C-alpha cells in the first residue's frame, strides 16, 4: 500500500511538472494581450496596491524632504551658478524654436516624429524577484494606454516601455531588463548622427547600444536619444551618455556603452508618452496597395 | 476573525515584498549586488511547519499563482515552487524537532533552493545570461543575507501566530 501512495505522489509531481512547462511555454509566447483571468487578478491587486502605495509614497517623500533640507545650502550655491547659464540657454532655445516653427510653415510640415503627449502615472508596485525588471503603474486601457508605448522618468529620460496593459493598471518593462526582444532604435548625436540599437544592460549598469557602423566616429560624452524610427517611440527622448566605445567581435560594428540618464531604482512617478503622429498599422499598408498611394 | 487573519497576513507580505524593492536602496549590500526579498515564502514555510501542512500548500499555491500573474508574468514558476517547498519543509520537520531555530534554518534552505531553481529556469528561458559563479556572487549571497535578517525578525511572531492558528484548527 505505501508503494502505491508513493507512486501516486510521483504521478502528481510528474503531472505538475508537465503543467509547469506548458504554462511557462504559454506565457513566453509573444503575447499582445494577457488572458482575462490574469487581467482580472492584476486589476484587483493593482487596486489594493495603489491603496497601500499612496501612504508609502507620502512617508518616503517625507524622509526624502528631510534629507533634502540638509543639503539645501550646498545645492543652492551650485544652482545659483547654473541659473545664469540657463537664462542664456533659454534665449537660444526660444530663437531656435521660432526658427523651427517658421521653417515648418514654409515646408508645410506640421507634425513630426517628435510630438507627443505625456500622461502622468504613479508607480504602485515592482517585481520583487528582480529577474524581470518590471514596474506596475496605476493607469491602464481606460486612460488610453497601449502596448509598447514609451515611458519616461521625471527627468525626461527614457525608462522603458509598456509591456502589457490591463483595464486600470499596466506593467512596464525597464530598459535594464535583459530581454532580447527589447530593442530600441537610437541616434547618437554628434556632428554626424549615427544609428544604433539598445540591446542589453551590463553588470556595471550601462546600456549597450549595438550595431553602430564601424566607420562612425563616436566620442565619450555624446548624447544618445531615441530615433523615433521604431514606430511607437517618439523621436528625441534622452536615453543617456556614451561612456565607452568598443568594436564588436568581428569588427564590422561598434558597441557603445551608455550611462542611462534615468535612475532605474527609486521610481515614483513616470510619464507615459503618447505619440501624436499616427502610427501606420499593418492594415494601412494593405489598403494603400489597393488605392495605389 | 482569525479566519481572515491568515489571508490578510499573507496579502500584506505579498505587497510588502514589492514595496520593499521599491523603497530600499538598490545596492543594499554593495555596488551591483541584487537582493530579492522572499518574505512570502518564509511565511509559507513557517505556516506549513507550525500551522498545518495542508494550509501551507494551499497558501503556497494561491500566492504562488498571484506572484506569477502580478509580478513576473511568467506563469507556473512560483505556482509550482511554493507548494513544493512547503510540502518538503513539513516533511523534513517530521524528522527533526520543530523549534524556532530549525524552522528558521529550513525556511532559509527553502529560500536558497527556490532562488537557485528560479535562476536555473530563467537561464533556460533566456531571461538571464549570468554564469552560476557570477550569480552566486551578485544575487545569491545578498538575497540569503537579506532573508536571514527577515527570518530573524519575523520568526517568533510568525511561529506564535501559526501555533495559535493550529490550535484553533484542532479545536474546530
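Protein chains in written order, with our numbering: chain A, 1440 to 1732; chain B, 213 to 384. A virtual CB, placed ideally from N, CA and C, is assigned to each residue, including glycine. These numbers were taken from a predicted model, which means no experiment stands behind them.
Query: Ignore the nearest five residues each way along the sequence and tell me which others in residue 1730 of chain A's own chain have a CB closer than 8 Å to its CB.; Result: Below a pLDDT of 50, predicted positions are generally treated as unreliable, and residue 1730 of chain A, at 43, falls in that range; no measurement from the model is reported.
Query: Is it the case that the Cβ atoms of residue 229 of chain B and residue 251 of chain B are separated by a distance below 8 Å?; Result: yes
Query: For residue 1731 of chain A, which three-state DSSP category applies?; Result: Reliability of the predicted coordinates at residue 1731 of chain A is poor, the pLDDT of 40 falling under 50, and the value obtained from them is presented with this limitation in mind. Of the three classes helix, strand and coil, the one that applies to residue 1731 of chain A here is coil, per DSSP.
Query: Just to make sure I have the definition right: I need the residues of chain A whose C-beta is within less than 8 Å of the C-beta of residue 246 of chain B. Which are they?; Result: 1569
Query: Check the Cβ of residue 1463 of chain A against every Cβ in chain B and list those closer than 8 Å, keeping chain order.; Result: 286, 287, 288, 289, 333, 337
Query: Check the Cβ-Cβ distances between residue 345 of chain B and every residue of chain A, and say whether any is below 8 Å.; Result: no
Query: Could you check whether the region 1489-1507 of chain A touches the region 326-336 of chain B, counting it as contact only if at least three pairs of C-beta atoms, one from each stretch, sit closer than 8 Å?; Result: no
Query: Would you mind working out which of A:1713, A:1708, A:1666, A:1684 sits nearest residue 1676 of chain A, comparing C-alpha positions?; Result: A:1666
Query: Where does residue 1689 of chain A fall in DSSP's three states?; Result: coil
Query: Does chain B have any CB closer than 8 Å to the CB of residue 1566 of chain A?; Result: yes
Query: Throw me the rounded Cβ distance for the residue 1614 of chain A and residue 1699 of chain A pair, which I believe falls under 8 Å.; Result: 6 Å
Query: Which of the residues in the region 1495-1507 of chain A, read from start to end, lie with their CB under 7 Å from any CB of chain B?; Result: 1495, 1499
Query: For chain B, is any of its Cβ atoms less than 8 Å away from the one on residue 1471 of chain A?; Result: no
Query: Consider the Cβ of residue 232 of chain B: report whether some Cβ of chain A lies at a distance smaller than 8 Å.; Result: yes
Query: Since I believe residue 314 of chain B is in contact with residue 308 of chain B (beta carbons under 8 Å), could you give me their beta-carbon distance rounded to a whole number of angstroms?; Result: 5 Å
Query: Quick check: the Cα distance between residue 1623 of chain A and residue 1657 of chain A, rounded to an integer number of angstroms?; Result: 19 Å
Query: Buried or exposed for residue 226 of chain B, going by 16 or more other Cβ atoms inside 10 Å?; Result: buried
Query: Applying the 10 Å Cβ sphere with the 16-neighbour rule, what's the burial state of residue 1456 of chain A?; Result: exposed
Query: Which partner residues of residue 1648 of chain A appear in the DSSP bridge assignment?; Result: A:1637, A:1695
Query: Taking C-beta pairs closer than 9 Å, name the residues in chain B that residue 1561 of chain A reaches, listed in chain order.; Result: Chain B residues near residue 1561 of chain A: none, gap ~11 Å exceeds 9 Å.
Query: Below 8 Å on the Cβ atoms is my contact criterion, and I expect residue 1611 of chain A with residue 1573 of chain A to pass it. Report the Cβ-Cβ distance as a whole number of Å.; Result: 7 Å
Query: Based on Cα-Cα distance, which residue from B:337, B:255, B:241 lies nearest to residue 1461 of chain A?; Result: B:337
Query: Look at the Cβ atom of residue 356 of chain B, then the Cβ atom of residue 320 of chain B, and state whether they are nearer than 8 Å.; Result: yes
Query: How would you write the range of the beta strand (DSSP E) that residue 324 of chain B sits in, first residue to last?; Result: Residue 324 of chain B -> not in any beta strand (DSSP E); alpha helix (DSSP H) instead, spanning 312-336.
Query: Just list the residues that DSSP pairs residue 1709 of chain A with in beta bridges.; Result: A:1560
Query: Can you tell which of A:1577, A:1508, A:1694, A:1519 has its C-alpha closest to the C-alpha of residue 1639 of chain A?; Result: A:1694
Query: Taking the C-alpha atoms as reference points, what is the distance between residue 1678 of chain A and residue 1664 of chain A?; Result: 5 Å
Query: Given 8 Å as the limit, is there contact between the region 228-248 of chain B and the region 264-277 of chain B, that is, 3 or more CB pairs closer than that?; Result: no
Query: If you reduce the DSSP assignment to three classes, tell me which class residue 241 of chain B lands in.; Result: coil
Query: With respect to the alpha helix (DSSP H) encompassing residue 1532 of chain A, which residues constitute its N-terminal and C-terminal limits?; Result: 1475-1546
Query: For residue 1600 of chain A and residue 1588 of chain A, which I take to be in contact (beta-carbon distance under 8 Å), what is that distance rounded to the nearest angstrom?; Result: 7 Å
Query: Whole-angstrom Cβ separation of residue 1649 of chain A and residue 1687 of chain A, contact assumed at under 8 Å?; Result: 7 Å
Query: 8 Å is my cut-off, CB to CB: does residue 1491 of chain A come that close to chain B?; Result: yes
Query: Once the 5 residues before and after residue 1727 of chain A are set aside, which same chain residues still bring their CB inside 8 Å of it?; Result: In this prediction, residue 1727 of chain A scores a pLDDT of 49, lower than 50, which makes its location untrustworthy; the coordinate-derived value is nonetheless stated afterwards. For residue 1727 of chain A, where only same-chain residues beyond five positions count, there are no Cβ hits under 8 Å.
Query: By Cβ distance, which residues of its chain are closer than 7 Å to residue 1732 of chain A, with the 5 residues on each side in sequence left out?; Result: Reliability of the predicted coordinates at residue 1732 of chain A is poor, the pLDDT of 37 falling under 50, and the value obtained from them is presented with this limitation in mind. Around residue 1732 of chain A: no qualifying Cβ.
Query: With a Cβ-Cβ cutoff of 8 Å, do residue 1577 of chain A and residue 1673 of chain A count as a contact?; Result: no
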